[in-house]
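**Student:** Numbering (our numbering), first residue to last: 15 to 80.
(1) Can you tell which of 46, 25, 42 and 32 has its C-alpha closest to the C-alpha of residue 64?
(2) Within 10 angstroms of its Cβ, does residue 49 collect 16 or more other Cβ (buried), or is it exposed?
(3) Going by beta-carbon coordinates alone, are residue 25 and residue 70 separated by less than 9 angstroms?
(4) Going by DSSP in three states, residue 54 sits in which element: helix, strand or coil?
(5) In the DSSP assignment, find the unbroken beta strand (DSSP E) run with residue 59 in it and report its ends.
(6) Which residues mark the beginning and the end of the alpha helix (DSSP H) in which residue 31 is found?
(7) Among residues of its own chain, excluding the 5 on either side of residue 41, which ones have a beta-carbon nearer than 7 angstroms to its beta-carbon?
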């Protein structure tokens, strides 16, 4: 279960899934550590936290993460 995920609109949930899938294609053997655990807002942007504690901003407009 992803904390706060249910608070997102269905459209935003789908976009997060798309971005996460694209991001995972870049990771290789580190994939298990990058399971989504939480979504939250920081600096007025959507962010995601992963199983390993790392977090990234997700740009819903252009599909990038940073």
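Here a beta-carbon is modelled for each residue, glycine too, at the ideal position from N, C-alpha and C.
**Tutor:** If we stick to the structure as given:
(1) 46
(2) exposed
(3) no
(4) strand
(5) 59-64
(6) 24-38
(7) 48
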